[in-house]
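Take a look at the structure set out below.
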Amino acid sequence: MGRHHADPRLRAGAADAAQRGAGTPAHILLPAVTLALPFTAIVARLTRTSVAETMREPYIQTARSKGLTERQVLTGHTLRNSLIPVVTVIGLHMGGLMGGAVIVENVFAWPGLGSLVVDAVSTRDYAMVQAATFLIAGIVMVFNLAADLLYSQLDPRIRLDGAA
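Okay, so the sequence shown: first residue is 8 according to our numbering, each after it adds one.
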């Protein structure tokens, strides 16, 4: 059992906090910003660089010469091709986000997988530590698989069947 539920006084405090509105969508704002802000800066910078490089490609000039509007060029040609490195970085950063969630959950006293891991480590519950690590690794693998599947949607030249 976690440290958040062991003491009856803490349970009463949690009930009082729930009555004051803790656990509402407004209370997730600061933890979400804490996790997402550094990651968002990296993704935004990479997206900008990738779009700028793609805009210099010859097929973008060809699309413009066909009479497509700038919006059509940007959404239909530029973004599709420039999002491949962005999807790669997002998929790779999911592990860091999961690790950051462990810290953020403890700092903001949110019950979750992160606080479960910290409680299991502090009580030397090795089976729970192993299970939680396995679950986190599985979640990261699912995000990486989703990134790989998204490649084929962004670039039709990338095929999933293994044929050359």
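Quick reminder that beta carbons are idealized off the backbone N, C-alpha and C, glycines included.
Keep in mind the model is a prediction, meaning the values are calculated, not measured.
The region 104-124 in contact with the region 82-89 per 3-pair CB rule at 8 Å: With a cut-off of 8 Å on Cβ pairs, the region 104-124 is not in contact with the region 82-89, counting fewer than three such pairs.
Enclosing alpha helix (DSSP H) for arginine 55 [first to last residue]: Run containing arginine 55: 36-62, per the alpha helix (DSSP H) assignment.
Meets three-Cβ-pair contact criterion under 8 Å: the region 135-152 and the region 51-68: Taking 8 Å as the limit for Cβ pairs, the verdict is that the region 51-68 does not touch the region 135-152.
Candidates Val114, Val147, Gly107 and Val93: closest to valine 50 by CA position: For valine 50, the closest of Val114, Val147, Gly107 and Val93 by C-alpha to C-alpha distance is Val93.
Close beta carbons around leucine 53, own chain, < 7 Å, minus the five adjacent residues each side: The answer, listed in chain order, is Pro92, Val93 and Val96.
Top-ranked residue by Cα proximity to histidine 100, from Val80, Gln79 and Phe46: Among Val80, Gln79 and Phe46, the Cα nearest to that of histidine 100 belongs to Phe46.
Any non-hydrogen atom of the ligand SAM within 8 Å of threonine 56 CB: Annotation note on the ligand SAM: not contained in the displayed structure, which lists no ligands.
Per-residue DSSP class, three states only, for arginine 71: Looking at arginine 71 - three-state DSSP - the assignment turns out to be helix.
Presumed contact (8 Å Cβ cut-off) between valine 111 and proline 38, rounded CB distance: Yes, valine 111 and proline 38 are in contact; Cβ-Cβ is about 5 Å, under 8 Å.
Proximity to glycine 102 [Cα-Cα], best of Ala116, Ile146 and Ser159: Ranking the options by Cα distance to glycine 102, first place goes to Ile146.
Neighbour-count burial assignment, alanine 70, 16 or more Cβ in a 10 Å radius: With 16 or more Cβ atoms within 10 Å of its Cβ, alanine 70 is classed as buried.
Buried or exposed (CB count within 10 angstroms, at least 16 for buried), threonine 61: It counts as buried.
Cα-Cα separation, leucine 36 to valine 58: In a straight line, the C-alpha of leucine 36 is about 29 Å away from that of valine 58.
Three-state class that DSSP yields for phenylalanine 115 in the structure shown: DSSP, read as helix, strand or coil, puts phenylalanine 115 in coil.
Residue from Gly106, Ser159 and Gly98 whose Cα sits closest to the Cα of leucine 42: Taking each of Gly106, Ser159 and Gly98 in turn and checking the Cα distance to leucine 42, the smallest one comes out for Gly106.
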